[in-house]
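Undergrad:
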Amino acid sequence: MAAISWARAFKSSKSQTDTVAIIAPGWAMVLYLAEHLVQAGFDVLIVQDPAEPFSKPLPRWVRSVVGYGFDTPAFAEQLRALDRDESISWILPVAEEAIGACQQTLRRSAKIYPRLSDRQYGLVRDKHRMADFARSIGLMVPEFTRVSSSEEAIAVAREMGYPVVVKG
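Under this note's numbering, the first residue of the sequence shown is numbered 210, with each subsequent residue one higher.
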C-alpha cells in the first residue's frame, strides 16, 4: 500500500509516536488500513462519516470519533481542529466526500495526504471523467451509463446484460 510506504518513510524521521487521522466511512478496508498503520508504529484516529458508521464496535487498538456530516460547516471546523492539533501528523481522507471536504477546507495543509492538483480532484469528484481518463490511458473500465429512473435502469440492464451493479 502506497500510503503505508509513504508513512513509514516519514515515520523514521520522528521519535514520538505519530498519529494518522483517517477520515472515512465505516468500510472494512478502512480497518485494514488502520491495522497496518498501527503495526507500522502509528497511532490511528478514525473520524467516521455519520452517514456510514461502522456496523460493529471497533477494536481497542484504534481510536474513533463520529464526525459531523462531511458537507457541513461543523465538519469543516472539525477538520481545521485536526489540522491545528500538534499530535496529528497526517490527515488521510479515504472516500470521495472526505477528499472533497479536505480539499475545500484544508487545501494548503501540509498534513493532507495525498495532495491533489485541481485536475486530480476533478477526476475524483466525477466518476465518469475518471472512467474516461482511465480508458484514455489504456485501462479496462466496465461499461456504464447514467439513468434517471428505475424503469430506465431496468431497460439498460436488459440491454447490457446481467449481472449489473446499480449505484445511487
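Heads up, the beta-carbon is just placed ideally off N, CA and C, and yes, glycines get one too.
1) Which first and last residues belong to the beta strand (DSSP E) in which Leu315 is found?
2) Here's the rule I'm using: 16 or more other beta-carbon atoms within 10 Å means buried, otherwise exposed. How should Asp227 be labelled?
3) If I measure Cβ to Cβ from Ser359 and keep anything under 8 angstroms in the same chain, skipping five residues before and after, which residues do I get?
4) Is the beta carbon of Val275 sitting closer than 8 angstroms to the one on Pro262?
5) Just reading off the alpha helix (DSSP H) that Ser345 is part of, what are its end residues?
6) For the alpha helix (DSSP H) that contains Arg324, what are its first and last residues?
7) Assuming the contact rule is C-beta atoms closer than 8 angstroms, Ala307 and Ala233 should be a hit. Round their C-beta distance to whole Å, please.
8) Could you tell me the boundaries of the beta strand (DSSP E) in which Asp252 lies?
9) Using DSSP's beta-bridge definition, name the partner residues of Leu267.
TA: Checking against the coordinates, here is how it stands:
1) For the purposes of this step, residue 315 is taken as residue 106 along the sequence shown, with counting starting at 1. Taken as a continuous stretch (DSSP letters only), Leu315 belongs to no beta strand (DSSP E), as it is neither H nor E.
2) Taking the first residue of the sequence shown as position 1, residue 227 is located at position 18. By the C-beta density criterion, Asp227 is buried, having at least 16 other C-beta atoms within 10 angstroms.
3) Taking the first residue of the sequence shown as position 1, residue 359 is located at position 150. Cβ within range, chain order: n/a, list empty.
4) Walking along the sequence shown from the start, residue 275 turns up at place 66. Walking along the sequence shown from the start, residue 262 turns up at place 53. Yes, Cβ-Cβ distance for Val275 and Pro262 is below 8 angstroms.
5) Here residue 345 refers to the residue found at position 136 of the sequence shown. Segment 336-345, the alpha helix (DSSP H) holding Ser345.
6) Counting from one through the sequence shown, the residue named residue 324 turns up at place 115. In the DSSP assignment, Arg324 falls outside any alpha helix (DSSP H), carrying neither H nor E.
7) Within the sequence shown, residue 307 is the residue found at index 98, counting from 1. Within the sequence shown, residue 233 is the residue found at index 24, counting from 1. The pair is a contact, with the Cβ atoms about 6 angstroms apart (cut-off 8 angstroms).
8) On the sequence shown, position 43 is the one that residue 252 refers to. Where Asp252 is concerned, the enclosing beta strand (DSSP E) starts and stops at 252-257.
9) Here residue 267 is taken as the residue at index 58 of the sequence shown, counted from 1. None, per the DSSP bridge assignment.
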